[in-house]
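First comes the structure, then the notes that go with it.
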Amino acid sequence: MPLRKYFDAFLNAAVGNVPEANEPALINLKRIAIDQSGSIGSFYNACEDNITGRLNATVKPEIRKSLQQIVCKLTKGRVAECQNLLKFADIDHQLRLSICLELIRVTGIASVINNPPLIDDHTRLFYIYQESSIEFYENDLHKLKKSVKLSTCETFATHIITEIVLGIHLLLILQLPLGYENPIDMFLQKWKENLINSKPMVKIDAQLKTLLDKVLSTTVYSNIDALTKMKNLPDIYEKLIKLQTNDNEHKKLKYVLCPIRWLFDRHGVNLPDFISCQPEEVENLEHYLMQQKSELKLLNFRINHDINHDLSELLQGSCQSVFKTITEELSKLQALHMNDIERLKTVVLKIRKGIIPLSSLEKQVSLDPPIDIQQLIKNITTRAKELEFRVKRIKQMRENGFEYCDVENLGITDQLKENRIRDMLLGNDSHKVILFSNDELMKSDELTFTELYSEMIEKRKKNPGICLVYADFTSSTYKLEKTLIVLSDDLKEKQNQSQSPSTVNNIRERSPSPPQPSLQQTSSQSLDQTLPISSSSNEFINILLLGESGVGKSTFINAFANYLHFESLDEAEKGKPIVIIPVSFEIALNDNFDEKTIKFGEFDSNENHNNAGQSVTQQCK
Numbered sequence: 000m001p002l003r004k005y006f007d008a009f010l011n012a013a014v015g016n017v018p019e020a021n022e023p024a025l026i027n028l029k030r031i032a033i034d035q036s037g038s039i040g041s042f043y044n045a046c047e048d049n050i051t052g053r054l055n056a057t058v059k060p061e062i063r064k065s066l067q068q069i070v071c072k073l074t075k076g077r078v079a080e081c082q083n084l085l086k087f088a089d090i091d092h093q094l095r096l097s098i099c100l101e102l103i104r105v106t107g108i109a110s111v112i113n114n115p116p117l118i119d120d121h122t123r124l125f126y127i128y129q130e131s132s133i134e135f136y137e138n139d140l141h142k143l144k145k146s147v148k149l150s151t152c153e154t155f156a157t158h159i160i161t162e163i164v165l166g167i168h169l170l171l172i173l174q175l176p177l178g179y180e181n182p183i184d185m186f187l188q189k190w191k192e193n194l195i196n197s198k199p200m201v202k203i204d205a206q207l208k209t210l211l212d213k214v215l216s217t218t219v220y221s222n223i224d225a226l227t228k229m230k231n232l233p234d235i236y237e238k239l240i241k242l243q244t245n246d247n248e249h250k251k252l253k254y255v256l257c258p259i260r261w262l263f264d265r266h267g268v269n270l271p272d273f274i275s276c277q278p279e280e281v282e283n284l285e286h287y288l289m290q291q292k293s294e295l296k297l298l299n300f301r302i303n304h305d306i307n308h309d310l311s312e313l314l315q316g317s318c319q320s321v322f323k324t325i326t327e328e329l330s331k332l333q334a335l336h337m338n339d340i341e342r343l344k345t346v347v348l349k350i351r352k353g354i355i356p357l358s359s360l361e362k363q364v365s366l367d368p369p370i371d372i373q374q375l376i377k378n379i380t381t382r383a384k385e386l387e388f389r390v391k392r393i394k395q396m397r398e399n400g401f402e403y404c405d406v407e408n409l410g411i412t413d414q415l416k417e418n419r420i421r422d423m424l425l426g427n428d429s430h431k432v433i434l435f436s437n438d439e440l441m442k443s444d445e446l447t448f449t450e451l452y453s454e455m456i457e458k459r460k461k462n463p464g465i466c467l468v469y470a471d472f473t474s475s476t477y478k479l480e481k482t483l484i485v486l487s488d489d490l491k492e493k494q495n496q497s498q499s500p501s502t503v504n505n506i507r508e509r510s511p512s513p514p515q516p517s518l519q520q521t522s523s524q525s526l527d528q529t530l531p532i533s534s535s536s537n538e539f540i541n542i543l544l545l546g547e548s549g550v551g552k553s554t555f556i557n558a559f560a561n562y563l564h565f566e567s568l569d570e571a572e573k574g575k576p577i578v579i580i581p582v583s584f585e586i587a588l589n590d591n592f593d594e595k596t597i598k599f600g601e602f603d604s605n606e607n608h609n610n611a612g613q614s615v616t617q618q619c620k
């Protein structure tokens with residue numbers, strides 16, 4: 000045996016520190032200091048990653064400088080490293096699992112799990128792990144054995160803190176402005192290189208400050224509270240420069256944990272041990288938990304921010320009822336999620352305490368969400384999507400001058416007749432023009448809805464006196480077959496009064512009018528066929544026909560009207576001819592040129608039908 004070993008053995012025997020022959024090997028654990036309350040001699044339960052008390056003994060730690068190389072990372076946009084920010088921040092897999100299972104209250108850098116950022120091409124992550132000093136127990140660990148054995152710590156702890164690493168732990172999340180990525184990236188890269196190579200930090204001048212002030216958002220997660228409160232990149236940079244030369248403000252960064260079993264010597268083999276789960280199994284479970292947490296958070300944000308916050312003034316009637324159903328389902332989902340976490344937490348704790356074997360994690364834990372959670376997520380997502388669609392549509396319609404009417408609020412159901420529904424919606428307002436539709440029709444026959452909707456807006460511009468209403472049948476039990484337009488009897492009457500035989504645009508209206516569409520009509524009616532519009536000079540074309548008497552001016556007008564009305568000659572021959580102006584004229588027939596009087600139109604007392612060979616319009620009374 001070398002002389003040095005003989006000397007060490009003699010010295011240990013003299014001070015009573017002779018290790019027993021079968022003393023177990025010392026295997027320390029290291030944990031990022033999430034809870035800053037730990038100190039040398041604090042008890043630690045590694046099964047739950049919690050500080051559980053303190054040794055009842057005076058422990059005076061000493062401090063030495065850490066020689067650990069600084070770690071600095073910079074990422075741009077969505078890269079693989081960003082998928083798990085706890086792992087990116089060098090938190091070990093066991094502690095990450097405890098965080099995901101909500102065994103500990105997260106603070107500092109670990110709190111990023113509570114507000115995971117939406118990372119895109121303009122996102123930058125800047126990470127620093129810098130050890131500055133180490134607190135340690137000045138005497139040999141055997142000095143702690145007596146105090147530990149006198150306590151009952153083995154009932155509530157697995158380890159004791161024997162060293163504390165102090166330093167800087169920082170995760171900086173930046174959202175860069177469009178067009179300024181390159182110069183800001185150059186600054187961040189230079190900052191990273193200076194930290195790694197221990198070079199002096201560049202001072203920020205006015206020009207650089209102006210550039211860095213353009214950063215859209217800055218979020219800091221750190222073990223140093225003063226940094227987490229900062230929102231301005233130049234201020235954070237200046238603070239970190241000061242921290243490089245003043246380690247008095249550095250905080251707890253990592254705990255070194257000694258197993259309590261080791262302090263009990265050979266008797267420690269009978270004490271509960273901490274069993275570490277396999278990294279592969281932990282990562283699978285961690286991925287599942289983070290995915291569920293992220294999905295729940297996105298649903299919460301969508302419901303409480305996108306819908307309730309941004310569109311709250313539009314949540315009325317059945318929309319409010321649907322929103323209430325969604326929030327109730329969301330609360331139920333959160334409760335189921337907590338139950339799922341408790342289920343997984345129980346299995347993991349039993350494995351860590353050695354109650355069940357490691358293989359139980361794969362056997363007892365399904366990484367597929369329970370069926371009731373899957374179904375509830377599907378229901379909430381579908382309802383939220385439909386509600387968001389409807390509420391945004393209401394907002395757009397109001398901006399376009401429409402009144403919105405949820406017919407369910409009026410008690411309109413499939414028990415009512417169509418005439419009663421018309422009366423309820425039209426009321427006594429003689430200027431109403433109502434668009435009947437629902438979400439299903441809007442999506443399945445979007446073209447028809449868009450055409451009628453746009454047409455109503457254009458006619459409103461020409462006739463500001465009309466009142467546009469959207470009657471929404473989505474929540475009603477009344478089944479609407481087609482999107483259609485309904486207007487009041489007064490507007491129909493004004494339409495008839497506004498018809499003029501001298502206007503080409505109204506020629507079709509002199510033909511037999513089609514029946515008014517029922518609510519179950521299979522085709523939509525154009526607004527031009529139902530809605531009278533205010534007269535304007537560009538709506539009419541005045542044509543003056545000049546010619547001698549009897550040349551066929553009236554006949555031409557009637558022929559032109561029939562040309563516009565009928566689609567083909569066969570259809571005109573089979574149909575009843577349209578007569579706008581009564582006509583009567585002679586025509587020669589057969590080889591003998593026998594004359595035949597042709598008459599079209601009803602007898603009109605204002606016309607002269609008694610002058611043979613003359614047009615009936617030649618001498619008006």
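Counting in numbering that gives the first Met the number 0, the sequence shown runs from 0 upward without gaps. Every residue gets a Cβ at the ideal spot worked out from N, C-alpha and C, and that includes glycine. Only a predicted model underlies this, so the values are computations on that prediction, with no experimental measurement involved.
Quiz item: Per DSSP, what kind of secondary structure is P176 in: helix, strand or coil?
Solution: coil
Quiz item: Residue ranges of each beta strand (DSSP E) run of no fewer than 3 residues wholly in the region 69 to 143, ordered along the chain?
Solution: 70 to 75, 122 to 136
Exercise. Name the residue from I62, E101, A45 whose alpha carbon lies nearest to the alpha carbon of E341.
Key: E101
Quiz item: Can you list the alpha helix (DSSP H) stretches of 4 or more residues lying completely in the region 419 to 483, in chain order?
Solution: 438 to 443, 445 to 461
Quiz prompt | Span of the alpha helix (DSSP H) around R382 | solution = 370 to 398
Quiz item: In terms of alpha-carbon separation, which member of I597, I33, N193 lies closest to I223?
Solution: I33
Exercise. Count the CB pairs spanning the region 252 to 260 and the region 185 to 194 that are closer than 8 Å, and state whether there are at least three.
Key: no
Quiz prompt | C-alpha distance - Y43 paired with L173, whole-angstrom precision | solution = 35 Å
Exercise. Reducing DSSP to helix, strand and coil, say where I577 ends up.
Key: coil
Quiz item: Helix, strand or coil: which one does DSSP assign to E162?
Solution: strand
Quiz item: Run through DSSP, which three-state label would T157 get?
Solution: coil
Exercise. With DSSP collapsed to three states, give me the class of V214.
Key: coil
Practice problem: Could you pull out every residue in the same chain whose Cβ sits closer than 6 Å to the Cβ of G546, ignoring the five residues on either side in sequence? | Solution: K552
Quiz item: Among T57, P60, S41, which residue has its Cα nearest to the Cα of T51?
Solution: S41
Quiz item: Which partner residues of N49 appear in the DSSP bridge assignment?
Solution: N44
Practice problem: Identify the continuous alpha helix (DSSP H) that holds I235 and give its terminal residues. | Solution: 232 to 244
Quiz prompt | Close beta carbons around M441, own chain, < 7 Å, minus the five adjacent residues each side | solution = F448
Quiz item: Once you ignore the five residues that flank T529 on each side, which residues in its own chain have a CB closer than 7 Å to its CB?
Solution: Any reading at T529 must be qualified, since the residue scores a pLDDT of 48, below 50, and its modelled position is unreliable; the value itself is stated next. The residues are I484, L486.
Practice problem: Throw me the rounded Cβ distance for the I240 and M200 pair, which I believe falls under 8 Å. | Solution: 5 Å
Quiz item: Roughly how many angstroms lie between the CA atoms of M396 and Y403, to the nearest whole one?
Solution: 7 Å
Quiz prompt | Where R419 falls, given that 16 or more other Cβ within 10 Å makes a residue buried | solution = exposed
Quiz item: Cα separation between S150 and L28?
Solution: 21 Å
Quiz item: Exposed or buried, T473, counting other C-beta atoms within 10 Å across all chains shown (16 or more means buried)?
Solution: buried
Exercise. Look at the alpha carbon of L467 and the alpha carbon of K478, and state the distance between them as a whole number of angstroms.
Key: 22 Å
Self-check item: Spatial distance of P368 from E280 (CA atoms)
Solution: 17 Å
Self-check item: Q291 versus E130, F401, P115, residue with shortest Cα-Cα distance
Solution: P115
Exercise. Kindly indicate the opening and closing residues of the alpha helix (DSSP H) around E285.
Key: 278 to 300
Quiz item: Residues in its own chain within less than 8 Å of A156 by CB, not counting five upstream and five downstream?
Solution: F42, Y43, N44, T51, G52, I259
Quiz item: Cβ of V346 within 8 Å of Cβ of S365?
Solution: no
Practice problem: Can you give me the Cβ contacts of D48 inside the same chain, cut-off strictly under 7 Å, excluding the 5 residues immediately before and after it? | Solution: R30, L94, S97, L102, I103
Practice problem: Starting from I203, follow the alpha helix (DSSP H) in both directions and report where the run begins and ends. | Solution: Per DSSP, I203 belongs to no alpha helix (DSSP H) and is neither H nor E.
Quiz item: If you drop the 5 nearest sequence neighbours on each side, which residues of the same chain put their C-beta closer than 8 Å to that of S275?
Solution: Q93, R351
Quiz item: Alpha carbon to alpha carbon, what distance is there between N303 and E470?
Solution: The question names Glu, yet the displayed sequence has Ala at residue 470. Cα-Cα distance, rounded: 27 Å.
Exercise. Could you check which residue in S65, I556, L117 has the C-alpha nearest to that of N541?
Key: I556
Quiz item: How many angstroms separate the CA atom of I163 from the CA atom of S38?
Solution: 7 Å
Practice problem: For R389, count neighbouring C-beta atoms within 10 Å of its own C-beta (all shown protein chains included) and say buried if the count is 16 or more, exposed if not. | Solution: buried
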